[in-house]
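K.L.:
Taken in sequence, the protein lines are chains A and B.
For the first sequence, our numbering begins at 54 and goes up steadily by one.
For the second sequence, our numbering begins at 179 and goes up steadily by one.
Structure provided below as structure tokens; questions to follow.
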Amino acid sequence: MDALLELLTKDSRLTAEALAARLNLTPAEVQTKIAAWEADGTILGYQAVVDPEKTPQGGVTALIEVRLTPERGGGFDRLAERVAKFDQVATCWLMSGGYDLAVVVQAASLQEVARFVTEKLSTLGGVLSTVTHFQLKIYKQNGFLSVPTPDGARLPITP
Amino acid sequence: MMSLDPDPSTLRVKSKISDRIQAIPRSGIREFFELVLNAGDVISLGVGEPDFATPWHIREAAIYSLEKGQTSYTSNLGLLDLRKSIAKYVAQKFHVSYDATKEIIVTVGVSEALDLAFRALLNPGEEVIYHEPCYVSYSPTIYMAYGVPVVVETRAEDNFALRAAAVEKAITPKSKVIMLNFPTNPTGAVMDPAELQGIADLAIKHDLIVITDEIYSELLYSEREHPSIAALPGMKERTILMHGFSKAFAMTGFRLGYACAPPELTEAMMKIHQYSMLCAPITAQVAAVEALEHGAAPMEEMRKAYWRRRNLVVHKLNAAGLPTFQPGGAFYAFPDIRSTQMTSREFATRLLEEEKVAVVPGTAFGKAGEGFVRACYATDENQLAIALDRIAAFAQRHRS
């Protein structure tokens, strides 16, 4: 991966100046590259990684395994894209193995997930079955540990 | 009434310490360490080790070996599996092949390997040529093995790389060993392949042994491959290649290194090692196998982080009016602080007092380090940015 892109995936808040100093580029070069990636869809967006347990409303997250009937010509794409469009769907992957789509759904309550699965997802033509798993606890997301464990301290001066 | 005279029993005990050990001066680093400890909340660019904890898969391998009850001695030379992994790794990285059964010895860090090598090689009065500024242990270790340390100073004009011509001037009939460390602690200097060949030619011409400390050889920031002198024609049979796990795999506390050398030399080092150390700790050895077999990706991640920080540090130091060359390797920048009209020690002491930032005076690494300080960039990028802003403010204030 491009070093600039890699750094942005770790911390997207760094300014063009700060990025440039770390990568031996000029701020203008950094801005040009970022603008090009935003334009061509390489960079889809920027987000904060939030621990839902620390937010007042919390909400629920579910992983839903979906089996589909593939369609002639398009395979799974048309159906998968249709599923992905629902606001509740945070992540949608086509999978190898025992089922076809892994759908991560975020909703305010268990009932809302249930309603989404029974009314929206299961009723789509081509959906053969769904298995819903609720998330109980997060230990790590997007590379961040929920409880960061500080590494052991170093001596301040060593040879 | 308090007496200012030292306690007579202290004097009596002191008189029992060997003259040779009494003659070794206190380490400059040690002295500075105490200053920093007393300074309170400091951002330290004074460390000589990675800020990353050992990658989890390596730590996990160590834990698992303890679970399995692997708590015994190992062969004096080290676990055969580890030596095989080392042979494979060294062959791939340095293009020189060693026999795992008789040309590799696992040691407690490169520091022990150095001690073994000097004790195995030197008769009293024989000379070891090494370059300064350098890691603090070289000269005392040579001295403690009854050798004579002969310094070749590297120069700022050469970005602290070593020139074969300078080495040649230091050769005498008593010379026995040339000692190299590139990339270098504290300068981050790397070696030009042509100069390295020149040094190899000298070693062959004068029948000298070469010890090469490759501890920073993974932490390089150019596309160019790192040449080890051991791989040059005619050199394997007269070279001791030393390497370890501390820097590249962030395993300093595991205390594990190794030496690769011709069988007779390995055997001689083993003679000392078996009586002084017996073997390196087995937990560290098991962890090291995991590091060599599966540690490439996490190591590359760390290398990239150091590369970004090097760019940041060099950029900011130069912008602050402290000329700093782009170090080719390791994780140290070596800024020239002469524009402040201070000595290295003054600069480091006052920076600590006024800005609560610790760097190490260049003179801790030899006289040739005067006018420079070592700033280690193995530190979190945000902290690094703050420290550098403070250094810039300090330099600005004190520039006449």
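The beta carbon of each residue, even a glycine, is placed where N, CA and C say it ideally should be.
Quantities reported herein were computed from a predicted structural model and do not represent experimental measurements.
Taking the beta carbon of Y453 of chain B as the centre, do at least 16 other beta carbons fall within 10 Å, making it buried, or is it exposed?
P.N.:
exposed
K.L.:
Note the first and the last residue of the continuous alpha helix (DSSP H) segment covering K545 of chain B.
P.N.:
Annotation for K545 of chain B: no alpha helix (DSSP H) segment contains it, and DSSP assigns it neither H nor E.
K.L.:
Would you kindly check if the distance between the Cβ of L223 of chain B and the Cβ of T557 of chain B is under 9 Å?
P.N.:
yes
K.L.:
Output needed for A378 of chain B: all residues of its chain with C-beta closer than 6 Å, excluding positions within five of it in sequence on either side, in chain order.
P.N.:
I407, L410 and M413
K.L.:
Using a Cβ-Cβ cutoff of 7 Å, what residues of the stretch 379-394 of chain B are near chain A? List them in chain order.
P.N.:
none
K.L.:
Just tell me which of B:A426, B:E401 and B:L380 has its CA closest to the CA of E392 of chain B.
P.N.:
B:A426
K.L.:
Are there 16 or more other CB atoms within 10 angstroms of the CB of H421 of chain B, so buried, or fewer, so exposed?
P.N.:
buried
K.L.:
For D391 of chain B, report the span of its alpha helix (DSSP H) as first-last.
P.N.:
No alpha helix (DSSP H) holds D391 of chain B; the beta strand (DSSP E) holding it covers I387 to D391.
K.L.:
Any idea if M179 of chain B is buried or exposed, counting beta-carbon neighbours within 10 angstroms, 16 or more meaning buried?
P.N.:
Confidence at M179 of chain B is low in this model, with a pLDDT of 49, below 50, so the placement of that residue is unreliable and no value is reported for it.
K.L.:
Residues of the stretch 187-202 of chain A with a CB closer than 7 Å to any CB of chain B: list them in chain order, please.
P.N.:
Within the stretch 187-202 of chain A, no residue has a Cβ that lies closer than 7 Å to any Cβ of chain B.
K.L.:
Cα-Cα, which of B:S243, B:V268 and B:Y313 is closest to A542 of chain B?
P.N.:
B:Y313
K.L.:
Rounded to the nearest angstrom, how far is the Cβ of E373 of chain B from that of L419 of chain B, given a contact under 8 Å?
P.N.:
The Cβ separation is near 18 Å, so there is no contact.
K.L.:
With 16 as the cutoff for other CB atoms within 10 Å, does E403 of chain B come out buried or exposed?
P.N.:
exposed
K.L.:
Quick check on DSSP: helix, strand or coil for A201 of chain B?
P.N.:
coil
K.L.:
Counting only the same chain and skipping the five closest in sequence on each side, list residues whose C-beta sits under 8 Å from that of W485 of chain B.
P.N.:
Only Y399 meet the Cβ criterion.
K.L.:
Does DSSP put E227 of chain B in a helix, a strand or coil?
P.N.:
In the structure shown, E227 of chain B sits in coil (DSSP, three-state: anything other than H, G, I, E or B).
K.L.:
Extract the residue ranges of the beta strand (DSSP E) inside the stretch 87-169 of chain A, only unbroken runs of 3 or more that lie entirely within it.
P.N.:
113-121, 142-147 and 154-160
K.L.:
Helix, strand or coil: how does DSSP classify P80 of chain A here?
P.N.:
helix
K.L.:
Contact criterion: CB-CB distance below 9 Å. Does K534 of chain B meet it with respect to chain A?
P.N.:
no
K.L.:
Which residues of chain C have a Cβ atom closer than 8 Å to the Cβ of R75 of chain A, listed in chain order?
P.N.:
This model lacks chain C altogether; the protein chains it does include are A and B.
K.L.:
I'd like to know if L60 of chain A contacts chain B, where contact means its C-beta is closer than 9 Å to some C-beta of that chain.
P.N.:
yes
K.L.:
Mind checking the stretch 202-221 of chain B against chain A and listing, in chain order, the residues whose C-beta falls within less than 8 Å of any C-beta there?
P.N.:
S205, I207, F210, F211, V214, L215 and V220
K.L.:
Out of B:R204, B:I236, B:G218 and B:D185, point me to the one whose CA is closest to E471 of chain B's CA.
P.N.:
B:I236
K.L.:
Touching or not, the stretch 481-497 of chain B and the stretch 523-531 of chain B, by the rule of three or more beta carbon pairs under 8 Å?
P.N.:
no
K.L.:
Counting only Cβ pairs nearer than 9 Å, list the residues of chain A close to Y308 of chain B.
P.N.:
For the C-beta of Y308 of chain B, not a single chain A residue is nearer than 9 Å; the gap to the nearest is close to 15 Å.
K.L.:
Y192 of chain A: buried (16+ other C-beta within 10 angstroms of its C-beta) or exposed?
P.N.:
exposed
K.L.:
Checking 9 Å against the spacing of the C-beta atoms, do A142 of chain B and A474 of chain B come in under that value?
P.N.:
In the structure as shown, chain B starts at 179 and stops at 578, and residue 142 of chain B therefore has no counterpart that could be examined.
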